[in-house]
Structure formats: C-alpha cells, structure tokens
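Visitor: In my numbering, the protein residues as written are 22 to 471. Glycine residues also receive a C-beta, built at the ideal position from the N, C-alpha and C atoms. Attaching a single structure in structure tokens format; questions to follow.
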C-alpha cells in the first residue's frame, strides 16, 4: 500500500511506498522544503466503530498457551524477530539522525572559517583535504589547489605546532577583489587537534607583529616568505600573502573578536550555504573590482539564453561545487538571484528550454563556445542524463552526476576553476581560464592566480 503525505509549504501530495515513522524528515521534490512526517499519513485506514449488541457479552477468550515445545519455540522466534525489526528500525533512525548532525556540524565548521574573511575577500574556494585523501586517484586535481609550495609551507607550520602534516583537514583560499590589481590572498587551514597559538614565535623567520606573526623573506619555505600568520583559535591557521597584509590581518582580527556577521557569513546566501557542504567548492561575489564579473559572463550567452544573462546582471553570487563518493561524482552550480520569484522563474525557463531535455538536450551555440566540456560528448551526454534544475530560496541551481572516474576528472576541473586563472581573471566555470580553450577572460584582481 502507498502512503500519502502533504507538504505544508506548497501543499503538494507526496506518495511514498512505506509509511514513515513519526518525525522522519521528508524532502518535498517540488519545492525542496523539508518537513517532519506526521503521526499518520493522509490515507491511513480508519478503525471501524464497534457495533452495539444487545446479546449477552461473550465470555472473554482465554489466552492460548503453547502446548508443546515446538509451539513455544515458534512464539519465541516471532518475538525475537519482532525485536530485531524494531531494533533495526531504531538503529537506522539513529544512523540517519547522526549523519544529518554530522553534515550540519561540518557545514557549520566551514561556515565559521568563511565568516572570518572580511567582506573585501569576494572570491573563495574550499577543499576538504581530509576527505580527498580517500581518493588518491584525484591527487593531480587536488594538487592544482593544494600545490607543492603550499604543502611545503603547511609542513613547516605543522612542525611548529607539533603536529603531522596529515593533521590538515580543510583548506580555504580567498582573494581580495576590492580593488583592481590587488594580490592579497588568504589561506585558512583547519587542523584536527588543538595547538598552542604562541608556538609560531619559535618558528624560524617568524616574529610577533600586531595580532599575529610576520615571516621574514629569509624563511626556508618559499610559500611562507614575506607572509603574515594569524590564529583566530587553536584549530585554525591563517596565512596572508600579497599586498596589504597588515590591513587585512587587522580586519580579520576585528571580525573574529566581534560578530561573524561583520565578515562574509551574511554574504553567502542560500547559494553559498549549498556550495560549502561539498568536498570542493568555489564562490564568487561580484563586488568591488569584480562587480561586472557575472554581468560579463552572462553577456557571452545573452542571445541564446537571455533570461540567464539578465539574471546574471543582478546576481549577488555564483557558486560551483563537487562531491566525490564511492557511488560517483556529484556536481552543482548555482546563482543567487535578486529574489526567490526570479530564481523560480529562471529554473522554470531552463527546464522548458534546450537544456531541459535530459540527454537529448542540445546546448545553444553560445554555450558550446563558452564551455570546454561540451566537446566531451560521451561524458556530456551522461551529465545531461542526470541533470536537474532546482530552486532554494533565492538560489537557482542545477545538479548532476557522473560515474566514470576519468571523465569526472575533467568535470572536476571545470567545476573548480571559477575565477581562478593563470592571470587572476575569471569567466564561465571551466572555460579554460583566460585565453585558454573556450576561455572567457573577465576582469578581476590582478596578480598570479592560484
């Protein structure tokens, strides 16, 4: 028997094969809202009313007791089976609840890291180093972000605090895009174990300076030369490089000591909060020197995808993400629209357009010219087979997946290359970087990209 539940948000009726235990989270496929299962589904059978009778009440039936050993064993096995079913259901419920709590706590930790960044850092990317160690085949892709100089620099930081380089669990790289030509970059490292924040005073070439430590150019680790080190707590290490280190360090310290709302947390929006739950993610906000970043990206598809281009003109954030698991590779891209109504209209328009036909979709010519991955016909067909367009609050986004590791590596590069290019420029994600194949150079902070 199928069981009916109704979403309290959009009133849509959901038909599920199994009756859900009371309080179980259910996600509405129509509006993506999550609600708790009621005590009974809408179509739960109602008990029949007792029929009155004028006859003498029948004598109560006597409880039958097993008359032989075989019957007693059968009763015992039934009770044992019932306990097993109940115990299994409870275990599954506890496991599901624990997984939800773990995912929420992981997202909260990453959000705390992002909230340290002053608002002038408007391009950022994150990678779960700890998670990606489980997939050594993706090391070359991870090394594009966590490259050899950075690894050598972190090894020296780990040595100073008495930890193994394998203690690194998470990395966020952010760029200051407030002014044209800014080369300021912040690297936020999260470690597994707490450490003494004063340990860096003993590190070669480091000395106390204001809120943190300045590292001389004579330091042996090239990554750390001329940088500043700041520790907002005993599990985070921030390395600031490039221009205006002292100014950005002071801003970051002020954010850490006051309220997280003074940083970028409130700038994430629903788009950023979706992205940071993934193993890899990139978020770009079109502000300061990057105010025309999304507008110029949208101009590349304004003829074939007019509504998309118009939404990009007023969008406040663009995000892409990738999650790797034993079941395949999941990808996503989203945009923070000016309103939830605009996000809903954009999703509806995309579903009804050329990209909403699954693996029979035919990308418009402008999109073909902008996106290098379209040329991989086999992988692109699989990607379009599983593509889905969704909306959450102001975020209009799409998700898909691939199951083949080799093809997924190219898509991983595609979904983690927003903004980061050889010259610090940006463009449509994965377009090959400024001047690359299918690349679309966009304005942004100058200086070497990472």
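What are the boundary residues of the alpha helix (DSSP H) that residue 328 is part of?
Guide: 327-335 is the span of the alpha helix (DSSP H), which, as asked, contains residue 328.
Visitor: Confirm the yes/no value for this check: CB of residue 437, any heavy atom of the ligand HEM, distance under 6 Å.
Guide: In the structure on display, the ligand HEM does not appear, and there are no ligands present to speak of.
Visitor: Using C-beta distances below 7 Å, list every residue in its chain close to residue 156, excluding the 5 sequence neighbours before and after it, in chain order.
Guide: Same-chain partners within the cutoff: 345.
Visitor: Return yes when the Cβ of residue 354 is within less than 7 Å of the Cβ of residue 341, no when it is not.
Guide: Closer than 7 Å, so yes.
Visitor: Can you tell me which of 347, 176, 284 puts its alpha carbon nearest to the alpha carbon of residue 136?
Guide: For the residues 347, 176, 284, the minimum Cα distance to residue 136 belongs to 284.
Visitor: Output the residue ranges of the alpha helix (DSSP H) runs that lie fully inside the region 232-292 and measure 4 residues or longer, sorted by chain position.
Guide: With a minimum length of 4 residues, the continuous alpha helix (DSSP H) runs that stay inside the region 232-292 are 266-278.
Visitor: May I ask you to report which of helix, strand or coil DSSP gives residue 208?
Guide: Strand.
Visitor: Please classify residue 186: does DSSP put it in a helix, a strand, or coil?
Guide: If DSSP states are grouped into helix, strand and coil, residue 186 belongs with the helices.
Visitor: Among residues of its own chain, excluding the 5 on either side of residue 316, which ones have a beta-carbon nearer than 8 Å to its beta-carbon?
Guide: Answer for residue 316: 307, 333, 334, listed in chain order.
Visitor: Name, in chain order, the residues that DSSP records as bridge partners for residue 505.
Guide: Because the chain in this structure spans residues 22 to 471, residue 505 falls outside the shown range and cannot be described.
Visitor: Looking at residue 243: is its Cβ nearer than 7 Å to the Cβ of residue 170?
Guide: Cβ distance < 7 Å, so residue 243 and residue 170 count as in contact.
Visitor: Ordered along the chain, which non-local residues of its own chain (more than five positions away) have a Cβ less than 6 Å from that of residue 151?
Guide: Closer than 6 Å at the Cβ level, and outside the excluded window around residue 151, lie 190.
Visitor: In this structure, how does DSSP classify residue 322 when only helix, strand and coil are distinguished?
Guide: It is coil, neither helix nor strand.
Visitor: Would residue 257 and residue 211 be called neighbours here (beta carbons separated by less than 7 Å)?
Guide: Cβ atoms of residue 257 and residue 211: closer than 7 Å.
Visitor: Quick one: what does DSSP say residue 37 is sitting in, helix, strand or coil?
Guide: The answer is strand: DSSP assigns residue 37 an E or B state.
Visitor: With burial defined as no fewer than 16 other Cβ atoms inside 10 Å of the residue's Cβ, what is the status of residue 304: buried or exposed?
Guide: Classification for residue 304: buried.
Visitor: Across the region 410-423 and the region 347-361, are there enough close Cβ pairs to call them in contact, namely three or more that are closer than 8 Å?
Guide: Yes: the two stretches touch, three or more of their Cβ pairs being nearer than 8 Å.
Visitor: From the DSSP output, read off the bridge partner residues of residue 411.
Guide: According to DSSP, residue 411 bridges with 418.
Visitor: Assuming the contact rule is C-beta atoms closer than 8 Å, residue 41 and residue 60 should be a hit. Round their C-beta distance to whole Å, please.
Guide: At roughly 10 Å, the Cβ-Cβ gap does not stay under 8 Å, so residue 41 and residue 60 are not in contact.
Visitor: Over what stretch of residues does the beta strand (DSSP E) that includes residue 356 continue unbroken?
Guide: Element bounds for residue 356: 349-357.
Visitor: Have a look at 193, 429, 228 and flag the residue whose alpha-carbon is nearest the alpha-carbon of residue 348.
Guide: If we check each option's Cα against that of residue 348, 429 comes out closest.
Visitor: Please check the pair residue 238 and residue 247, which I expect to be a contact at CB under 8 Å, by giving their CB distance rounded to whole angstroms.
Guide: Contact holds; Cβ gap of about 5 Å.
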